[in-house]
């Protein structure tokens, strides 16, 4: 990385130095930065050599200053790029570390994926998703150290351990097309409800609260939805029209609903296989 940073400004400064030398050779009248109305003609100045050396020195300093600015800018740009991971199928960028509404500490990105909906035989991408966890959860997964990504992905007990961990985890959904809120909820409810065999009154209330967040709400491309598990029976839902939400829109308090939703994404038949696969790959690299 340092080599890349060094190479970019170096090449650009070579061009700048070349430009400076060309002006030294070709110009008989010099105009210096910072002296907007001061023109010095070498034909009118008897101290030509002294003037030429002074001008050259000022230009070298100018090149050096520009070079330093380029290095700083390049370093800043690369640093910013390293703060994000791109979900390649949708080009949505996810921050590697986030502080979310209702969470006590920052969460780290564990994987990304996308949701695709089939219309006839055509697959249409609906949203990108990033899964975040409190890093303390990883310390409780030592039993799976050395497992391959395939082994991890097939092991439902590992994902159950992640869900049962008493630490925050969150799913960030970023829409990549316009979706009506009711349509979004209907698709989600279609996946959640069959996973709750005998809903209690708490489950019914929780589902009604969940539904109310999306009714009569347009979800435009770029909208962000956060589903944040505080514990196994409490989940926060936050929605924004763009960028990370800053407030909690609703609290879902039902162990059956929260666990069913987790199973929708990380169970044996996930709605986004790419997300579960990405998380398994990252765990395989982390648990070594």
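Numbering (our numbering), first residue to last: 74 to 361. Idealized CB from N, CA, C, for every residue including glycine.
Review point. Using CA coordinates, which residue listed in 225, 301, 234 and 210 is at the minimum distance from residue 319?
Key: Looking at the Cα atoms, 301 is the closest of the given residues.
Practice item. Could you round the C-beta distance between residue 191 and residue 250 to whole angstroms and report it? I think they count as a contact, below 8 Å. Key: Wrong, their Cβ atoms sit about 14 Å apart, outside the cutoff.
Check your understanding: Three-state secondary structure (DSSP) at residue 347?
Key -> In the structure shown, residue 347 adopts helical secondary structure according to DSSP, grouped into three states.
Check your understanding: By Cβ distance below 8 Å, which residues in the same chain neighbour residue 172 in space, the five residues on each side in sequence not counted?
Key -> A distance below 8 Å between beta-carbons, with the five flanking residues on each side excluded, links residue 172 to the following residues of its chain, in chain order: 178, 179 and 180.
Practice item. State the CB to CB distance for the pair residue 202 and residue 292, rounded to an integer number of angstroms; the pair is presumed to be in contact (CB under 8 Å). Key: Going by Cβ atoms, the distance from residue 202 to residue 292 rounds to 14 Å, so no, they are not a contact pair.
Point to revise | Candidates 159, 258, 321 and 259: closest to residue 308 by CA position | key: Of the candidates 159, 258, 321 and 259, the one whose C-alpha sits nearest the C-alpha of residue 308 is 321.
Check your understanding: For residue 354, which residues of its own chain have a beta-carbon under 6 Å away from its beta-carbon, when the five flanking residues on both sides are left out?
Key -> Once the five neighbours on either side are set aside, the close Cβ partners of residue 354 are 222.
Review point. Anyone know if the C-beta pair for residue 200 and residue 188 falls short of 8 Å?
Key: Here residue 200 is near residue 188, since their CB atoms are less than 8 Å apart.
**Study point:** Closest by C-alpha distance to residue 342, when choosing among 277, 274 and 267
**Key:** 267 is the residue among 277, 274 and 267 whose C-alpha sits nearest the C-alpha of residue 342.
Check your understanding: For residue 253, which option in 286, 212, 158 and 344 has the closest C-alpha, if you only look at C-alpha atoms?
Key -> Minimum Cα distance to residue 253 is reached at 286.
Point to revise | Residue closest to residue 248, alpha-carbon to alpha-carbon, out of 335, 165 and 155 | key: The option with the nearest alpha carbon to residue 248 is 165.
**Study point:** Best match in 330, 211 and 196 for proximity to residue 20 [C-alpha to C-alpha]
**Key:** Limits of the chain in this structure are 74 at one end and 361 at the other, which puts residue 20 out of reach.
Point to revise | Residue closest to residue 281, alpha-carbon to alpha-carbon, out of 261, 299 and 241 | key: Residue 261 is the option with its Cα nearest to residue 281.
Exercise for review: Ignore the nearest five residues each way along the sequence and tell me which others in residue 19's own chain have a CB closer than 8 Å to its CB.
Suggested key: Only positions 74 to 361 of the chain appear in the structure, and residue 19 is not among them; the question remains open.
Point to revise | Buried versus exposed, by CB contacts within 10 Å (16 or more), residue 259 | key: Exposed, since its Cβ has fewer than 16 Cβ neighbours within 10 Å.
Check your understanding: Between which two residues does the beta strand (DSSP E) carrying residue 250 extend?
Key -> No beta strand (DSSP E) contains residue 250, which DSSP labels as neither H nor E.
**Study point:** Where the beta strand (DSSP E) through residue 158 begins and ends
**Key:** Taken as a continuous stretch (DSSP letters only), the beta strand (DSSP E) holding residue 158 covers 157-160.
Review point. Would residue 297 pass as a contact of residue 245 if the rule is Cβ separation under 8 Å?
Key: For residue 297 and residue 245, yes; Cβs fall inside 8 Å.
Review point. Do you know how far the Cα of residue 334 is from the Cα of residue 265?
Key: One C-alpha to the other measures close to 6 Å.
Review point. How is residue 356 classed by DSSP in three states: helix, strand or coil?
Key: It is helical.
Practice item. Take residue 290 and list the residues in its own chain whose beta-carbon comes closer than 7 Å to its own, dropping the five residues that flank it on each side. Key: The residues 254, in chain order, have a CB closer than 7 Å to that of residue 290 in the same chain once the five nearest residues on each side in sequence are set aside.
Check your understanding: What's the gap between the Cα of residue 161 and the Cα of residue 303?
Key -> Taking the straight line joining both Cα atoms gives about 29 Å.
**Study point:** Assigned secondary structure, residue 316 (DSSP; H/G/I helix, E/B strand, else coil)
**Key:** Reduced to three states, the DSSP call for residue 316 is coil.
Point to revise | DSSP three-state assignment for residue 189, whether helix, strand or coil | key: In this structure, DSSP gives residue 189 an extended state, which the three-state scheme calls strand.
Exercise for review: Using three-state DSSP, classify residue 321 as helix, strand or coil.
Suggested key: Residue 321 sits in coil when the DSSP states are folded into three classes, being neither helix nor strand.
Practice item. Report, in whole angstroms, the separation of the C-beta atoms of residue 352 and residue 184, which I expect to be a contact under 8 Å. Key: Indeed they touch by this definition, with Cβ atoms about 3 Å apart.
Review point. Distance, Cα to Cα, residue 431 vs residue 243?
Key: The chain is shown from 74 up to 361; residue 431 falls before or after that span and cannot be answered.
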